[in-house]
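Trainee: Residue numbers (the numbering used here), protein chains in the order written: chain C, 86 to 249; chain L, 86 to 249.
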DNA sequence: CCGCTCGGGTTGACACATCAACCAATCGCG
DNA sequence: CGCGATTGGTTGATGTGTCAACCCGAGCGG
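1. Which residues bound the beta strand (DSSP E) around residue 178 of chain L?
2. Taking Cβ positions, are residue 190 of chain L and residue 175 of chain L nearer each other than 8 Å?
3. Nearest chain L C-beta to residue 180 of chain C closer than 8 Å, yes or no?
4. Measure the C-alpha to C-alpha separation of residue 121 of chain L and residue 128 of chain L and round it to an integer number of angstroms.
5. Which residue's Cα is closest to the Cα of residue 106 of chain C: L:237, L:136, L:213 and L:165?
6. Name the residues in the segment 106-134 of chain L whose C-beta lies less than 7 Å from a C-beta of chain C; which are they?
7. Measuring only the C-alpha atoms, how far is residue 207 of chain L from residue 194 of chain L?
8. Please compile the residues from chain L whose C-beta is within a distance smaller than 9 Å of the C-beta of residue 222 of chain C.
9. Taking C-alpha atoms, which residue in C:178, C:162, C:235 and C:144 lies nearest to residue 198 of chain C?
10. Under a CB-based cut-off of 8 Å, is residue 175 of chain L close to chain C?
11. On the three-state DSSP scale, how would you describe residue 111 of chain C?
12. Roughly how many whole angstroms lie between the Cα atoms of residue 109 of chain C and residue 228 of chain L?
13. Indicate the three-state DSSP secondary structure (helix, strand or coil) for residue 186 of chain C in the structure shown.
14. So with Cβ pairs under 8 Å, would you call residue 205 of chain C a contact of chain L?
15. May I have the straight-line CA-CA distance separating residue 151 of chain L from residue 179 of chain C, to the nearest angstrom?
16. I need the DSSP call for residue 172 of chain C, collapsed to helix, strand or coil.
17. Report the option in C:117, C:102, C:94 and C:98 whose CA atom is closest to the CA atom of residue 202 of chain C.
18. List the residues that DSSP assigns as beta-bridge partners of residue 145 of chain L.
19. Please list, in chain order, the residues of the segment 146-166 of chain L that have any C-beta partner in chain C closer than 9 Å.
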């Protein structure tokens, strides 16, 4: 089927690189997530939350700090935290005047302590080591450039509400 | 909070590159998907299906061909196709003996013809051009290597059913 | 012919994400 | 003081992804 008239199209090399990149993403993501799920019963999202909490002093954060560091929207975060609380990975604790703090539980801490090294090993095996130090460094640079470009363009961090 | 004993951990540079990569992914994905959605009412998934169909001769494919080229599981595909049919982007047509063919509708074709060039332009702007030809070529290589490595390791394309 | 398995495909239940609407305490300021 | 706007957070509806179970026709062994 004819593929639309030539516009600001990608040429063959670009097309190929882009699709390779997409495939790599999908493959890596599903692989890592699959094993996280299978071996530890954690989703990528659970993992992200637990990492953030465990990296903070004292293992407790306010929800909006989590929101900032994960870049999630607040409703997604709220929903996910209630699910995680139901599973005993975290707890919401009323603290000063208002707004609960999110605390990682013993169980949550145990879970991430167990799975983090294994996960890291996988990242090393399938990502870091395949790249090798040089290409990895280059990737890091480009990645930051891209994030910068998009951030700049979609100006004030583009929260989507900015719409006529 | 202490971050777990040093295991097969990632060192700082590796960690940083990995996180930059993750952030780039998320940023790029949400940016592209957001605009696809906003400007054309299509999700990334819709787009992927429509691209595949429109690239085939005659705009019709069997479901399992789509499943192969998108790498989706069959149930996801089935669900998504019924939704897309409800929205008039595709049609399921009974053909030879059994098993319907998936056909792109006029509407679906119009939609992708309209949005594909715009999407491609975005990919160029925020991905291709930021990389530049050299680094892009390198990325393409690495991406293929990674896909190869995972494919080989998780041996027979790891369909997850392979489990004791 | 019977009963097997097997592959393509659907279905239902559930986890998850997104959007819009809402709520409640605080802050700015008259 | 009082009241409106803002901020942090929750809720519900709806769309999407995943898993497991199922359906059904084809091929095949007996």
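Beta carbons: idealized from backbone N, C-alpha and C, even for Gly. Predicted model, so just to flag it, every value in this text is computed and none were measured.
Mentor: Straight from the coordinates:
1. 175-178
2. yes
3. no
4. 6 Å
5. L:213
6. 106, 108, 109, 110, 111, 112, 113, 116 and 119
7. 20 Å
8. 98 and 102
9. C:144
10. no
11. helix
12. 5 Å
13. strand
14. yes
15. 50 Å
16. coil
17. C:117
18. L:188
19. 156
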